[in-house]
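One line per chain: the protein sequences are W and E, in this order.
Numbering-wise (the working numbering), the first sequence opens with residue 159 and increments by one.
Numbering-wise (the working numbering), the second sequence opens with residue 159 and increments by one.
For reference, the structure discussed in these notes is given below.
Number of protein chains: 2
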Amino acid sequence: MATDSDAPLSRRERERRTRRQAMLRAAESVFAEKGYDHATLEEIAERAEFGKGTLYNYFEGGKEGIFFAVLDTIYDELCDLIAESVAEALASDRVDPRACYHTLVGKAIDFYHDREDLFVILIKEAYRMCFSHDASKVAYFQRQQERMVNALLPMLQQADENGALRDLPLEAMAHLLIENIDGLIVHRAIMANHPNRPTSCQHQSILDDPEKAATFLTTMLFDGVAAPPSA
Amino acid sequence: MATDSDAPLSRRERERRTRRQAMLRAAESVFAEKGYDHATLEEIAERAEFGKGTLYNYFEGGKEGIFFAVLDTIYDELCDLIAESVAEALASDRVDPRACYHTLVGKAIDFYHDREDLFVILIKEAYRMCFSHDASKVAYFQRQQERMVNALLPMLQQADENGALRDLPLEAMAHLLIENIDGLIVHRAIMANHPNRPTSCQHQSILDDPEKAATFLTTMLFDGVAAPPSA
DNA sequence: TCATCGAATGACTGACCAGTCACATTTTCC
DNA sequence: GGAAAATGTGACTGGTCAGTCATTCGATGA
Numbered sequence: 159m160a161t162d163s164d165a166p167l168s169r170r171e172r173e174r175r176t177r178r179q180a181m182l183r184a185a186e187s188v189f190a191e192k193g194y195d196h197a198t199l200e201e202i203a204e205r206a207e208f209g210k211g212t213l214y215n216y217f218e219g220g221k222e223g224i225f226f227a228v229l230d231t232i233y234d235e236l237c238d239l240i241a242e243s244v245a246e247a248l249a250s251d252r253v254d255p256r257a258c259y260h261t262l263v264g265k266a267i268d269f270y271h272d273r274e275d276l277f278v279i280l281i282k283e284a285y286r287m288c289f290s291h292d293a294s295k296v297a298y299f300q301r302q303q304e305r306m307v308n309a310l311l312p313m314l315q316q317a318d319e320n321g322a323l324r325d326l327p328l329e330a331m332a333h334l335l336i337e338n339i340d341g342l343i344v345h346r347a348i349m350a351n352h353p354n355r356p357t358s359c360q361h362q363s364i365l366d367d368p369e370k371a372a373t374f375l376t377t378m379l380f381d382g383v384a385a386p387p388s389a
Numbered sequence: 159m160a161t162d163s164d165a166p167l168s169r170r171e172r173e174r175r176t177r178r179q180a181m182l183r184a185a186e187s188v189f190a191e192k193g194y195d196h197a198t199l200e201e202i203a204e205r206a207e208f209g210k211g212t213l214y215n216y217f218e219g220g221k222e223g224i225f226f227a228v229l230d231t232i233y234d235e236l237c238d239l240i241a242e243s244v245a246e247a248l249a250s251d252r253v254d255p256r257a258c259y260h261t262l263v264g265k266a267i268d269f270y271h272d273r274e275d276l277f278v279i280l281i282k283e284a285y286r287m288c289f290s291h292d293a294s295k296v297a298y299f300q301r302q303q304e305r306m307v308n309a310l311l312p313m314l315q316q317a318d319e320n321g322a323l324r325d326l327p328l329e330a331m332a333h334l335l336i337e338n339i340d341g342l343i344v345h346r347a348i349m350a351n352h353p354n355r356p357t358s359c360q361h362q363s364i365l366d367d368p369e370k371a372a373t374f375l376t377t378m379l380f381d382g383v384a385a386p387p388s389a
């Protein structure tokens, strides 16, 4: 989505984009599997069924250029995901932040299942990048993070106006909410890959079932770990 | 702490340990700065003021062996941190989980200031490792994560018996609480390194001041994002 | 049919580095 | 003092890979 622009394109140009897409998909899978450092252009080229030199005709900036092109697509998709949930929520008369977040968590889990590669790249490389000594990389990461926060913010603002939220800075809340989605997915992924560890059944099932996982996280973050006063 | 065993050691052995410590400290700084892949044994050796070959006389398993030795010290320290806070909390008549967590967050922030290198290594490499295709690496990460959870668990169990906690699996709670400490510290670190971004003053100050940051996170996680019913 | 030109290619270069091992240096102990 | 053991060392080897560019390929149009 959003790859082809509106103007009618020449066959030449259409083919060029198709080939670029193929290279991006190949890069995604190699970066996810090997991580940035161990991914080789040779292998990306091979999976895309092109010669290594050809990659340089499609991406500026060599290996790093390809990597950031991949990151761009990831963040675009994540922002779309958030924006979608927020738009739905804002469409109703009275924003229900719990429901909105619950939906978002569900969508994020689905996204992970559909495009595991993309998520793995994010986890493997994003945190590393934000401690890089290269300021431009850090800035890139901050900018993307901010995009996600800004996508979620309108919903929180609306909910806040309705008095539905605790009086704490909304930006920090947004960060916390987004961060915990990542955390949940990482946790689920680890459990799924290695289900052999002894752990309580209750804990297991809560994280296995996407629906329950979303409910769990939503409850934890909106209502807190502490017992409700009535109990 | 806990490096020297109880038995009286020969001068030989004491000197050997001192040298090993020096190598570990050098490795810490290089791994933190460059990340695992770009760290070179040459540089570690240089900072420790030894020849590269000497490292092999002190660590089995070459580069990877040194790396895991560093990771071990990190997790040891983190577990000690948690265990300390938990022991304090359990010593009182009635466990106050909020206070305990607040203390723990404060300690974690202090730890980050004292030994930034160690934390950066953890952030840069741990998540990456838990998606490695090498099962033994994943298992290592899980084991260490579990150690931390188990260190926190007794406090939660006690609080739960006192009816202070919501009826949700304690293990999952423990994970969430620990994970969010990491998240907070990463967030603070990014803000500190790049304070130039436009952001609300309220948000900024909450994360700048360790005390406020700890209070913020504790409130969020224990009492939830949602407004209290009375408001 | 052939000339032209943009695109694809992969062998090659230069740089990097983990791990080894033959040799150098220091310590121990008689 | 000196032999023997322990320890330190860094040049070297073998392997990897990003990026380059001279060459090849194939599409287009005359």
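Each residue gets a CB set at the ideal place from its N, CA and C atoms; glycine is no exception.
| request: Report buried or exposed for N320/W, applying the criterion of at least 16 other Cβ atoms within 10 angstroms of its Cβ. | output: Sequence index remark: in the first sequence, residue 320/W carries index 162 (1-based). Classification of N320/W: exposed, given that the 10 Å Cβ count is below 16.
| request: With DSSP as the reference, label A257/W as helix, strand or coil. | output: As a first step, residue 257/W must be located in the first sequence, where it is residue number 99. A257/W falls in the helix class under three-state DSSP.
| V344/E versus chain W: which residues are under 9 Å apart at the beta carbon? | By one-based count along the second sequence, residue 344/E stands at place 186. At a beta-carbon threshold of 9 Å, the residues of chain W lying near V344/E are Y285, C288, F289 and E337, ordered along the chain.
| task | Would you list, in chain order, the members of the region 369-383 of chain E that have their beta-carbon closer than 9 Å to a beta-carbon of chain W? | result | Along the region 369-383 of chain E, the positions whose C-beta sits under 9 Å from a C-beta of chain W are F374, L375, T377, M378, L379, F380, D381, G382 and V383, read in chain order.
| Residue environment, E207/W, which counts as buried when at least 16 other CB atoms sit within 10 Å | By one-based count along the first sequence, residue 207/W stands at place 49. The residue in question, E207/W, is exposed, as its Cβ has fewer than 16 Cβ neighbours within 10 Å.
| request: Return no unless some Cβ of chain E is closer than 8 Å to the Cβ of M331/W. | output: Working through the first sequence from its first residue, we reach residue 331/W at position 173. Yes, M331/W lies at the interface with chain E (some Cβ there is under 8 Å from its Cβ).
| What did DSSP end up calling A206/E once you bin it into helix, strand or coil? | Stepping through the second sequence from its first residue, residue 206/E is reached at position 48. Assigned with DSSP and collapsed to three states, A206/E falls in helix.
| query | Under the rule that 16 or more other beta-carbon atoms within 10 Å means buried, what is S363/W, buried or exposed? | reply | For the purposes of this step, residue 363/W is taken as residue 205 along the first sequence, with counting starting at 1. An exposed status is given to S363/W, since fewer than 16 other beta-carbon atoms sit within 10 Å of its beta-carbon.
| In the DSSP assignment, what residue or residues form a beta bridge with A384/W? | The sequence position of residue 384/W within the first sequence is 226, counting from 1. Per DSSP, L323/E.
| field | Contact between the region 318-336 of chain E and the region 255-271 of chain W (3+ Cβ pairs under 8 Å) | value | No, the region 318-336 of chain E is not in contact with the region 255-271 of chain W.
| message | Could you check whether the Cβ of L310/W sits closer than 8 Å to any Cβ belonging to chain E? | response | As a first step, residue 310/W must be located in the first sequence, where it is residue number 152. So, not an interface residue.
| said: I believe V244/W touches M313/W by the beta-carbon criterion, under 8 Å. Please report the beta-carbon distance rounded to the nearest angstrom. | reply: The residue you call residue 244/W lines up with position 86 of the first sequence. The residue you call residue 313/W lines up with position 155 of the first sequence. Contact between V244/W and M313/W holds, since their C-beta atoms are separated by about 4 Å, short of 8 Å.
| query | Under 8 Å between C-beta atoms, does D195/E make it to chain W? | reply | Against the second sequence, residue 195/E aligns to sequence position 37. Yes, because at least one Cβ of chain W sits closer than 8 Å to the Cβ of D195/E.
| message | Classify K210/E: buried if its beta carbon has 16 or more other beta carbons within 10 angstroms, exposed otherwise. | response | The count along the second sequence starts at 1 and reaches residue 210/E at position 52. That one is exposed.
| said: Run through chain E and tell me which residues come within less than 8 Å of A247/W, C-beta to C-beta. | reply: As a first step, residue 247/W must be located in the first sequence, where it is residue number 89. By Cβ distance, chain E contributes nothing, its closest Cβ being about 15 Å from A247/W, past 8 Å.
| said: Assuming A350/E is part of the alpha helix (DSSP H), what are its boundary residues? | reply: As a first step, residue 350/E is located in the second sequence; it is residue number 192 there, counting from the start. For A350/E, the enclosing alpha helix (DSSP H) stretches over residues L328 to N351.
| task | Report the option in I343/E, G341/E and R305/E whose CA atom is closest to the CA atom of D234/E. | result | Along the second sequence, one-based indexing puts residue 234/E at 76. Answer by Cα proximity: R305/E.
| task | Return helix, strand or coil for H291/E, following the three-state DSSP convention. | result | For this step, residue 291/E is matched to residue 133 along the second sequence. It is coil, neither helix nor strand.
| said: Just to check my reading of the structure: K282/E and R178/W have Cβ atoms closer than 8 Å, yes? What is that Cβ distance to the nearest angstrom? | reply: Taking the second sequence and counting its residues from 1, one reaches residue 282/E at position 124. Taking the first sequence and counting its residues from 1, one reaches residue 178/W at position 20. Between R178/W and K282/E the Cβ distance is about 31 Å, and since that is not below 8 Å, they are no contact.
| query | Is the closest heavy atom of the ligand NAD to the C-beta of H196/E under 7 Å? | reply | The ligand NAD is not part of the structure shown, which contains no ligands of any sort.
| query | How many angstroms separate the CA atom of T161/E from the CA atom of E201/E? | reply | By 1-based counting over the second sequence, the position of residue 161/E is 3. By 1-based counting over the second sequence, the position of residue 201/E is 43. Legend: pLDDT at T161/E = 41, less than 50; position of this residue unreliable, value from coordinates given subsequently. Taken atom to atom, the span from the alpha-carbon of T161/E to that of E201/E is near 25 Å.
| said: For E173/W, tell me which candidate among T377/W, K295/W and Y216/W has the shortest Cα-Cα distance. | reply: Taking the first residue of the first sequence as 1, we reach residue 173/W at position 15. Of T377/W, K295/W and Y216/W, the residue nearest in Cα terms is Y216/W.
| request: Put D318/W into one of helix, strand or coil per three-state DSSP. | output: By one-based count along the first sequence, residue 318/W stands at place 160. Of the three classes helix, strand and coil, the one that applies to D318/W here is helix, per DSSP.
| Under 8 Å between the Cβ atoms of G382/E and D381/W? | Within the second sequence, the letter at position 224 stands for residue 382/E. Within the first sequence, the letter at position 223 stands for residue 381/W. Cβ distance < 8 Å, so G382/E and D381/W count as in contact.
| Whole-number beta carbon distance between A385/W and R324/E, since they are thought to touch under 8 Å | For the purposes of this step, residue 324/E is identified with residue 166 of the second sequence, where counting begins at 1. For the purposes of this step, residue 385/W is identified with residue 227 of the first sequence, where counting begins at 1. R324/E to A385/W, Cβ: 5 Å. Contact.
| field | Proximity winner among R183/E, G219/E and A203/E, relative to I232/E (alpha-carbon distances) | value | Reading the second sequence from its first residue, position 74 is the one you call residue 232/E. Relative to I232/E, the option among R183/E, G219/E and A203/E whose CA is nearest is R183/E.
| request: Use the C-beta contact count for G220/E: other C-beta atoms within 10 angstroms, 16 or more gives buried, fewer gives exposed. | output: In the second sequence, counting from the first residue as 1, residue 220/E sits at position 62. Residue burial is scored here from C-beta neighbours: G220/E has fewer than 16 other C-beta atoms within 10 angstroms and is therefore classed as exposed.
| query | When you compare each of I339/W, L276/W and H345/W to T376/W by their alpha carbons, which one comes out closest? | reply | Here residue 376/W refers to the residue found at position 218 of the first sequence. Comparing Cα positions, the closest option is I339/W.
| said: For a contact defined as C-beta to C-beta under 8 Å, what are the partners of L236/W on chain E? | reply: On the first sequence, position 78 is the one that residue 236/W refers to. Ordered by position in chain E, no residue passes the 8 Å Cβ test against L236/W, which lies about 17 Å from the chain.
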